[in-house]
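J.:
Numbering (the working numbering), first residue to last: 820 to 1094.
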């Protein structure tokens, strides 16, 4: 194929965030960097990662009086109207739009704070991981809708055969477990609590698994996911150290010994997290 035909081939391939991963193999290197996060500059990726983490952290902290040190620090930032934190949630959503695999891989950073919920609207309180996952899912759905309108395939879409090959022999057990958990809500004594437990412990992890299978396709994505898992434990360890050094009066008394508990009600929860 001569040079002129090659350039005409490149011109026929749409340059959009919804271009399939397979199509990027035929694009020029300069255009691939616009579509593939792994081929863009190192520092650009690091800034986007920092922006994702910082924007969601600020949204979670601002207007959230349920945090452990909110009463100790006496800062106005914890007691202001939560509506002032919405711009940071919007920033997180925008960054998700351009780097969805980054947001999916970094979600484990929000896992340790499931007990510390934030008031989102009215009497509805959600944990950091629930808010993060809901935002990522909403962005992914918007991308899918835009792709359908443009008559394109979503950049991270998987065929049924691809999904089965990625899940392997666990597909049938997963489906059986999911259906059994869903049916158990019908016979639960308290369906409200049962439905919440189903959403938190079954449905949300199932949705995240599908997102991870669809979006995390490179070694860098998997490395980012593992780094987020290790970093979540490191952050809890640092919070425990800060509590022990600067806030000893908040240590929990257990069996006559004062122990750090960080963001949990018991020091044993920290051990369970590390396990």
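Glycine included, C-beta positions come from ideal geometry on N, C-alpha and C.
Treat the numbers as computed from the prediction; the structure is a model and nothing was measured.
Pull up the CB-CB distance for residue 897 and residue 886, whole angstroms please, since I reckon it's below 8 Å.
T.: Yes, they are in contact, since the Cβ atoms of residue 897 and residue 886 sit about 6 Å apart, within 8 Å.
J.: Can you find the residues in the same chain that come closer than 7 Å, C-beta to C-beta, to residue 951, ignoring five residues on each side of it along the sequence?
T.: Cβ within range, chain order: 875, 926 and 929.
J.: Are the Cβ atoms of residue 924 and residue 1040 separated by less than 7 Å?
T.: Cβ distance < 7 Å, so residue 924 and residue 1040 count as in contact.
J.: Go through its chain and collect everything with a Cβ distance to residue 1065's Cβ below 7 Å, but skip five positions before and after it.
T.: Closer than 7 Å at the Cβ level, and outside the excluded window around residue 1065, lies no residue.
J.: Does residue 987 pass the burial test, meaning 16 or more other C-beta atoms within 10 Å, or should it be called exposed?
T.: Exposed is the call here.
J.: I want to know whether the region 1077–1094 touches the region 941–951 - three or more CB-CB distances under 8 Å.
T.: Segments in contact, no.
J.: Are residue 904 and residue 867 close, meaning C-beta to C-beta below 7 Å?
T.: Contact flag unset, no.
J.: Just confirm the distance between the C-beta atoms of residue 1004 and residue 1025, as a whole number of angstroms; I'd bet it's less than 8 Å.
T.: Rounded, the Cβ-Cβ distance is 15 Å, inconsistent with contact.
J.: For residue 872, does the three-state DSSP call read helix, strand or coil?
T.: Residue 872: helix per DSSP, three-state reduction.
J.: According to the neighbour-count rule (16 or more other Cβ atoms, all chains shown, within 10 Å of its Cβ), is residue 1009 buried or exposed?
T.: By the neighbour-count rule (16 or more Cβ atoms within 10 Å), residue 1009 is not buried but exposed.
J.: Counting Cβ pairs closer than 8 Å, one from the region 969–977 and one from the region 987–996, do we hit at least three?
T.: Flag = no, the region 969–977 and the region 987–996 do not touch.
J.: Going along the chain, which unbroken runs of the alpha helix (DSSP H) with 4 or more residues stay wholly within the region 952–991?
T.: DSSP runs (the alpha helix (DSSP H)) wholly in the region 952–991: 979–986.
J.: Indicate the three-state DSSP secondary structure (helix, strand or coil) for residue 853 in the structure shown.
T.: In this prediction, residue 853 has a pLDDT of 45, which is less than 50 and means its spatial position is unreliable; nothing more can be read from the coordinates.
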